[in-house]
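Residue numbers (our numbering), protein chains in the order written: chain E, 155 to 607; chain C, 155 to 607.
Quick reminder that beta carbons are idealized off the backbone N, C-alpha and C, glycines included.
From a predicted model like this one, the values you see are computed outputs, not experimental measurements.
2 protein chains.
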Amino acid sequence: MQKPSIVKGTRDFSPEEMAKRNYIFDTIRSVYNLFGYKQIETPAMESLSTLMGKYGEEGDKLLFKILNSGDVLAGFEDEELLQKNSNKFAVKACEKGLRYDLTVPFARYVVMHRNEISFPFKRYQIQPVWRADRPQKGRYREFFQCDADVVGSDSLLNEVELIQIINEVFGRFGIRVSIKLNNRKILSGIAEIIGAPEKVVDITVAIDKLDKIGLEKVNEELQSKGISQDAIDKLQPIILLEGTNKQKLETLKSSLAVSETGLKGVEELEFILSKTELLDLKSDLELDLTLARGLNYYTGAIIEVKALDVQIGSITGGGRYDNLTGIFGLPGVSGVGISFGADRIFDVLNQLDLYPKDSVQGTKVLFVNFGEAEADYILPVINRFRLSGISTELYPESAKMKKQMSYADSNNIPYVAIVGEDEKNAQKIMLKNMHTGEQQLLSADECINILLR
Amino acid sequence: MQKPSIVKGTRDFSPEEMAKRNYIFDTIRSVYNLFGYKQIETPAMESLSTLMGKYGEEGDKLLFKILNSGDVLAGFEDEELLQKNSNKFAVKACEKGLRYDLTVPFARYVVMHRNEISFPFKRYQIQPVWRADRPQKGRYREFFQCDADVVGSDSLLNEVELIQIINEVFGRFGIRVSIKLNNRKILSGIAEIIGAPEKVVDITVAIDKLDKIGLEKVNEELQSKGISQDAIDKLQPIILLEGTNKQKLETLKSSLAVSETGLKGVEELEFILSKTELLDLKSDLELDLTLARGLNYYTGAIIEVKALDVQIGSITGGGRYDNLTGIFGLPGVSGVGISFGADRIFDVLNQLDLYPKDSVQGTKVLFVNFGEAEADYILPVINRFRLSGISTELYPESAKMKKQMSYADSNNIPYVAIVGEDEKNAQKIMLKNMHTGEQQLLSADECINILLR
Numbered sequence: 155m156q157k158p159s160i161v162k163g164t165r166d167f168s169p170e171e172m173a174k175r176n177y178i179f180d181t182i183r184s185v186y187n188l189f190g191y192k193q194i195e196t197p198a199m200e201s202l203s204t205l206m207g208k209y210g211e212e213g214d215k216l217l218f219k220i221l222n223s224g225d226v227l228a229g230f231e232d233e234e235l236l237q238k239n240s241n242k243f244a245v246k247a248c249e250k251g252l253r254y255d256l257t258v259p260f261a262r263y264v265v266m267h268r269n270e271i272s273f274p275f276k277r278y279q280i281q282p283v284w285r286a287d288r289p290q291k292g293r294y295r296e297f298f299q300c301d302a303d304v305v306g307s308d309s310l311l312n313e314v315e316l317i318q319i320i321n322e323v324f325g326r327f328g329i330r331v332s333i334k335l336n337n338r339k340i341l342s343g344i345a346e347i348i349g350a351p352e353k354v355v356d357i358t359v360a361i362d363k364l365d366k367i368g369l370e371k372v373n374e375e376l377q378s379k380g381i382s383q384d385a386i387d388k389l390q391p392i393i394l395l396e397g398t399n400k401q402k403l404e405t406l407k408s409s410l411a412v413s414e415t416g417l418k419g420v421e422e423l424e425f426i427l428s429k430t431e432l433l434d435l436k437s438d439l440e441l442d443l444t445l446a447r448g449l450n451y452y453t454g455a456i457i458e459v460k461a462l463d464v465q466i467g468s469i470t471g472g473g474r475y476d477n478l479t480g481i482f483g484l485p486g487v488s489g490v491g492i493s494f495g496a497d498r499i500f501d502v503l504n505q506l507d508l509y510p511k512d513s514v515q516g517t518k519v520l521f522v523n524f525g526e527a528e529a530d531y532i533l534p535v536i537n538r539f540r541l542s543g544i545s546t547e548l549y550p551e552s553a554k555m556k557k558q559m560s561y562a563d564s565n566n567i568p569y570v571a572i573v574g575e576d577e578k579n580a581q582k583i584m585l586k587n588m589h590t591g592e593q594q595l596l597s598a599d600e601c602i603n604i605l606l607r
Numbered sequence: 155m156q157k158p159s160i161v162k163g164t165r166d167f168s169p170e171e172m173a174k175r176n177y178i179f180d181t182i183r184s185v186y187n188l189f190g191y192k193q194i195e196t197p198a199m200e201s202l203s204t205l206m207g208k209y210g211e212e213g214d215k216l217l218f219k220i221l222n223s224g225d226v227l228a229g230f231e232d233e234e235l236l237q238k239n240s241n242k243f244a245v246k247a248c249e250k251g252l253r254y255d256l257t258v259p260f261a262r263y264v265v266m267h268r269n270e271i272s273f274p275f276k277r278y279q280i281q282p283v284w285r286a287d288r289p290q291k292g293r294y295r296e297f298f299q300c301d302a303d304v305v306g307s308d309s310l311l312n313e314v315e316l317i318q319i320i321n322e323v324f325g326r327f328g329i330r331v332s333i334k335l336n337n338r339k340i341l342s343g344i345a346e347i348i349g350a351p352e353k354v355v356d357i358t359v360a361i362d363k364l365d366k367i368g369l370e371k372v373n374e375e376l377q378s379k380g381i382s383q384d385a386i387d388k389l390q391p392i393i394l395l396e397g398t399n400k401q402k403l404e405t406l407k408s409s410l411a412v413s414e415t416g417l418k419g420v421e422e423l424e425f426i427l428s429k430t431e432l433l434d435l436k437s438d439l440e441l442d443l444t445l446a447r448g449l450n451y452y453t454g455a456i457i458e459v460k461a462l463d464v465q466i467g468s469i470t471g472g473g474r475y476d477n478l479t480g481i482f483g484l485p486g487v488s489g490v491g492i493s494f495g496a497d498r499i500f501d502v503l504n505q506l507d508l509y510p511k512d513s514v515q516g517t518k519v520l521f522v523n524f525g526e527a528e529a530d531y532i533l534p535v536i537n538r539f540r541l542s543g544i545s546t547e548l549y550p551e552s553a554k555m556k557k558q559m560s561y562a563d564s565n566n567i568p569y570v571a572i573v574g575e576d577e578k579n580a581q582k583i584m585l586k587n588m589h590t591g592e593q594q595l596l597s598a599d600e601c602i603n604i605l606l607r
């Protein structure tokens with residue numbers, strides 16, 4: 155006998171959690187479909203050569219590696235083993251690993267299927283990924299990503315469309331959000347005017363603290379990071395950037411006047427904001443220079459979404475990147491994408507209690523089992539209920555009434571149908587509403603009408 | 155630069171394949187829901203100790219094992235490594251493996267969550283599993299299982315319900331099937347009357363050949379397997395079993411008269427068949443003694459489903475088993491379950507061309523992009539289309555008309571909407587049907603009505 159356990163950092167999903175997760179994934183899926191994105195799936199396992207070197211040195215360590223089948227050690231010389239170089243060993247003993255994200259498998263997919271794909275390719279993908287991170291609250295070793303990307307199109311209309319998708323998804327969820335926008339080119343422009351490209355992150359981190367610590371302390375922090383007084387002077391209007399998005403863009407235009415790249419970034423943002431204005435979005439859009447997400451990766455737009463009514467990190471993010479597939483031999487494919495954070499959205503919906511009732515409703519009615527004669531009578535009745543689309547159960551044993559009722563109770567089944575000998579003879583059903591306790595003697599048709607309401 | 159490849163035995167799923175697979179999974183999922191089954195999911199990775207020893211020696215070899223993170227070799231003595239015992243090494247260097255089926259993880263789930271579960275527990279689970287099998291046509295290293303099981307109830311009404319589910323799922327698919335039934339207890343009864351329990355599989359294999367090789371050769375084969383003439387004589391009515399299910403059961407009743415177990419099996423089958431008769435099922439039910447699927451595993455009903463119009467192996471199977479969770483310390487939990495073979499159903503639906511058109515329909519209409527002024531005009535129009543539930547795309551660049559039309563073509567988009575300067579000024583849309591080539595000048599509302607048809 156063995157006491158079973160679950161792998162650290164992974165989760166079982168109970169029926170209720172699954173119903174909620176299905177609601178999230180189905181909502182995202184239908185919005186992606188509405189905008190013409192096409193779903194693909196890739197295998198859980200990729201060749202390690204596909205994965206290694208794509209996520210930095212730290213990422214390589216976080217890859218789950220799969221031991222080759224068969225007599226693995228036979229391929230090793232004694233000396234190789236005795237060196238006990240675990241990294242070198244792993245590369246030779248493991249040809250496969252679990253996917254770490256959906257982007258690299260997507261890049262591989264695009265390259266391998268480039269002759270079947272008609273570009274621009276709008277794809278979405280909702281699958282788990284695995285990372286050998288140290289498990290902690292809210293960080294799992296297996297979690298789901300919900301990515302949508304357009305590759306093979308430089309048009310900024312793609313950015314506009316992704317913002318519409320974000321707006322529509324959170325609109326359907328009933329989560330009020332602020333969509334924050336930045337542009338990598340603006341950050342590059344800032345780096346240019348202060349003559350210190352490597353300081354961009356320091357600057358965004360410092361600006362982010364403005365509300366909390368005030369301008370004086372922000373400037374001190376910039377100084378302590380080795381930024382010259384001249385540069386800090388130039389940065390003042392950027393640090394203090396205020397007003398509407400339009401006003402902010404005007405300020406940036408003059409501050410970044412000498413940087414061609416910076417002005418290009420401002421122009422891109424202007425385009426995106428002006429198009430979204432035509433669309434009457436529910437969500438706020440806000441230019442936010444402190445967004446520096448994926449800085450080594452994104453080349454244009456940077457997008458992050460914050461929930462307004464819950465204290466939690468970004469619940470969706472994305473941006474534009476260049477050269478997705480270059481490493482696999484297909485240069486010149488740029489793209490833009492977003493990724494919904496399913497785990498955090500799950501938490502937000504829970505905290506705000508926003509799940510629609512029918513999304514977590516399982517069985518609608520349980521028929522009590524009184525024995526074989528009654529069961530014979532109700533089996534075809536139950537069949538009719540199901541053909542009408544009503545999720546229906548018959549308790550499989552003629553157990554004590556109390557046990558059957560408590561089954562209905564703990565499974566949150568809202569109605570119980572009672573057909574004993576009397577009801578059978580009268581060709582009626584006693585329908586009990588489990589919330590109100592009310593009972594009604596009804597025909598099968600009347601029952602179905604009530605349950606379909 | 156690196157030429158990317160996919161792991162042997164695994165597959166990418168293209169948008170069209172995904173649409174078809176979603177149709178299959180969504181259909182199965184909604185029927186499971188209709189019958190009150192609840193979905194769960196378990197992690198891809200399980201502790202190797204949970205998996206090892208559950209699938210026989212061969213199964214242990216087919217488990218994908220995940221190398222522990224960190225400095226794996228540091229935990230080994232030199233001598234241990236130099237023994238080069240790969241099996242022993244793997245057990246120590248790998249704590250985790252990928253799930254091999256959905257049954258063992260389900261058993262672990264039931265044991266770990268037994269205090270939250272209200273039995274009988276009707277669960278379903280649709281997830282991939284992984285096996286390090288030699289890849290070959292139709293056999294993959296990653297494939298999906300769609301299991302439903304009821305645990306904690308001995309009632310044969312569960313078997314009846316699972317047969318209804320099979321009937322309903324294949325009815326929705328439009329696949330004509332024969333549902334074949336057997337019972338492990340009948341096979342045990344046969345073993346009993348010939349006094350050779352270990353020969354049961356030989357007997358079912360020989361009976362299976364009756365149509366092809368005739369009675370004489372079947373008897374010869376039984377003889378060659380070491381079955382006595384006396385036993386073969388007793389087997390004759392069973393080998394030649396014919397007629398309706400009722401007639402077959404009568405024959406079995408007299409042949410197995412001396413075997414209490416055998417008669418119990420006949421009685422169980424009688425019960426199941428008599429209840430399904432109340433239900434007006436579309437599928438044929440057939441008692442088939444050659445079903446010996448999972449013989450070491452099943453203890454009661456054995457179920458297999460054959461497609462009538464396609465030559466292919468069993469497309470669904472299942473049965474009743476005892477003591478699912480005993481190995482994890484929770485004895486006395488019996489269950490009964492079925493598993494739909496998604497990959498084979500995919501093939502059958504393809505061969506019979508049974509996918510409903512709207513299940514593979516992606517984008518309904520593509521708006522041609524004529525440049526910024528026209529785009530500004532149509533962006534809100536497109537928004538209205540989408541709010542009406544019409545999957546709509548705007549080509550992201552104002553590329554040549556030919557290129558945009560060919561995009562619609564290769565993505566099977568049935569309608570193209572053309573709004574150039576003239577249409578814009580007239581506030582009209584030129585809607586082109588890509589199948590007929592027909593064009594109509596319409597208002598946005600008229601367009602929406604046509605596209606929603």
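Contact between the stretch 346-355 of chain C and the stretch 470-486 of chain C is not established, with fewer than three Cβ pairs separated by less than 8 Å. For residue 199 of chain C, the closest Cβ of chain E is nearer than 8 Å. No Cβ-Cβ contact shorter than 8 Å links residue 282 of chain E with residue 306 of chain E. According to the DSSP assignment, residue 204 of chain E belongs to the alpha helix (DSSP H) that extends over 202-205.
Contacts with chain C at 8 Å (Cβ-Cβ) do not include residue 478 of chain E. The alpha-carbon separation between residue 594 of chain E and residue 569 of chain E amounts to approximately 11 Å. By the C-beta density criterion, residue 391 of chain E is exposed, having fewer than 16 other C-beta atoms within 10 angstroms.
When C-beta atoms of the stretch 474-494 of chain C are compared with those of the stretch 359-378 of chain C, fewer than three pairs fall below 8 Å, so the two segments do not count as touching.
Rounded to whole angstroms, the gap between the alpha carbons of residue 238 of chain E and residue 487 of chain E is 41 Å. Chain-order list of chain C residues neighbouring residue 561 of chain E: 272, by C-beta distance under 7 Å. Inclusion of residue 278 of chain C and residue 196 of chain C in the CB contact set at 8 Å is not warranted, their separation being larger than that value. Per the DSSP secondary-structure output, residue 296 of chain C pairs in a beta bridge with C/284.
The C-beta distance from residue 583 of chain C to residue 577 of chain C rounds to 6 Å, short enough to meet the 8 Å contact threshold. At least one CB atom of chain C sits nearer than 8 Å to the CB of residue 547 of chain E. The three-state secondary structure of residue 425 of chain E, taken from DSSP, is helix. Using a C-beta cut-off of 8 Å, the stretch 504-519 of chain C makes no contact with the stretch 293-312 of chain C, since fewer than three inter-stretch Cβ pairs fall below that distance. The Cβ neighbour count for residue 412 of chain E, taken over all protein chains shown within 10 Å, is under 16; the residue is labelled exposed. Residue 366 of chain C: member of the alpha helix (DSSP H) spanning 364-378, first to last residue. Counting C-beta pairs closer than 8 Å gives fewer than three between the stretch 310-318 of chain E and the stretch 339-348 of chain E, which falls short of the contact rule.
With fewer than 16 other beta carbons inside 10 angstroms of its own, residue 398 of chain E counts as exposed. The Cβ atoms of residue 455 of chain E and residue 490 of chain E sit closer than 8 Å to each other. Residue state for residue 310 of chain C is assigned as coil, using DSSP reduced to three classes. Residue 549 of chain E carries a coil assignment under DSSP once its states are collapsed to helix, strand and coil. Using a Cβ distance threshold of 8 Å, residue 329 of chain E and residue 179 of chain E do not count as a contacting pair.
In the three-state reduction of the DSSP assignment, residue 455 of chain C falls in the strand class. At the C-beta level, residue 254 of chain C and residue 163 of chain C stay beyond 8 Å of one another. When the five nearest sequence neighbours on each side are left out, the beta carbons in the same chain lying within less than 8 Å of the beta carbon of residue 216 of chain E are those of 209, 254, 285, 286, 287, in order along the chain. Distance from the CA of residue 544 of chain E to the CA of residue 319 of chain C, rounded to the nearest whole angstrom, comes to 14 Å.
Looking from the CA of residue 537 of chain C, the closest CA among E/431, E/465, E/298, E/388 belongs to E/431. In this structure, residue 606 of chain E sits near residue 542 of chain E, with a CB-CB distance shorter than 8 Å.
Contact of residue 551 of chain C with chain E is assigned, a C-beta pair being separated by under 8 Å.
Against chain C, a Cβ distance below 8 Å from residue 172 of chain E picks out 192, 193, 194, 195.
Interface residue (Cβ-Cβ distance to chain E less than 8 Å): residue 589 of chain C is not classified as such. Among the CB atoms of chain E, none fall inside 8 Å of the CB of residue 487 of chain C.
Within chain C, not a single residue places a beta-carbon under 9 Å from that of residue 328 of chain E; the smallest gap is close to 16 Å. In the same chain as residue 477 of chain E, and ignoring 5 residues on each side of it, the C-beta atoms closer than 8 Å to its own belong to 485, 486, 487, 488, in chain order.
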